[in-house]
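Counting in the numbering used here, the sequence shown runs from 571 upward without gaps.
Notes to accompany the following structure.
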Amino acid sequence: MELGALLGTWINSNPDTNSIAKLEATDENGKLELRVSAVGPDGFVDWGVAEAQVFAANTEANVGAGFTCCYDFGFAETRLQGMIMKGLLVLAQFHLFKDDSKRASYFLREYYASTHERFLQS
C-alpha cells in the first residue's frame, strides 16, 4: 500500500489543545508507524511508537487514505482513527478508561496540518 499521503509530521491546528499536539507518521519497511506527542502538565508527553493499520479509499485502490492504531497505557486505552481530507489529517480519538477511576470514556476529533508555529520546535 502506498503510504505517501499519510507520512510526515502533523501538528494540531488548535494551539490550545490539551490532547495530542503532534503526530509523526513514518514508513518503516512498508508499514505505517506513528509517534504521538501529547500535551502534559510539564510539556509534551511522548506516547512512543505504534504500528498502524492502513486502509485504502476502496477495494480497487492501492493508496493509503486512512489508518487506525491503539495505544494501551494499562489504566487507559486510546484508539486513533485518521484520514486525510482537504490536505489535513482528521484524527478521531477514542479514550477508554480501564481503571476504577469512574472517569467517563470520551471521544475527540481534531484537525492536524503539516505546519503550525507553536509545536514545530519540539
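Ideal Cβ placement from N, Cα and C applies to all residues, glycine included.
Would you kindly work out how many angstroms separate the C-alpha atoms of residue i and residue j, rounded to a whole number?
i                 : j                 : result
histidine 665     : lysine 656        : 26 Å
threonine 587     : valine 609        : 8 Å
serine 675        : alanine 662       : 14 Å
phenylalanine 643 : glutamate 680     : 21 Å
threonine 638     : phenylalanine 625 : 8 Å
asparagine 582    : glutamine 623     : 21 Å
leucine 678       : glycine 613       : 20 Å
asparagine 628    : serine 671        : 41 Å
valine 615        : alanine 646       : 15 Å
isoleucine 654    : serine 684        : 11 Å
glycine 600       : asparagine 584    : 31 Å
proline 611       : arginine 673      : 19 Å
Within 10 angstroms of its Cβ, does residue i collect 16 or more other Cβ (buried), or is it exposed?
i              : result
leucine 602    : buried
lysine 668     : exposed
isoleucine 590 : buried
alanine 631    : exposed
leucine 650    : buried
serine 607     : buried
Here's a check: name, in chain order, each residue in its chain whose Cβ is nearer than 6 Å to the Cβ of residue i, leaving out the five neighbours to either side.
i              : result
tyrosine 641   : Trp617, Ala620 and Thr648
tryptophan 580 : Leu593, Leu659 and Tyr682
arginine 605   : Glu594 and Val619
Going by alpha carbons, who is nearest to residue i out of the options?
i           : options                           : result
alanine 575 : Ala595, Ser607, Pro611 and Cys639 : Ala595
leucine 577 : Asp597, Pro611 and Arg673         : Asp597
Can you find the residues in the same chain that come closer than 7 Å, C-beta to C-beta, to residue i, ignoring five residues on each side of it along the sequence?
i           : result
glycine 652 : Gly636, Phe637, Leu659, Val660 and Leu661
Using a Cβ-Cβ cutoff of less than 8 Å, which residues in the same chain neighbour residue i once the five nearest sequence positions on both sides are dropped?
i             : result
glutamate 572 : Asn632, Val633 and Gly634
Whole runs of the beta strand (DSSP E) within the segment 622 to 687, excluding any shorter than 3 residues: 634 to 642, 646 to 655, 658 to 667 and 676 to 683
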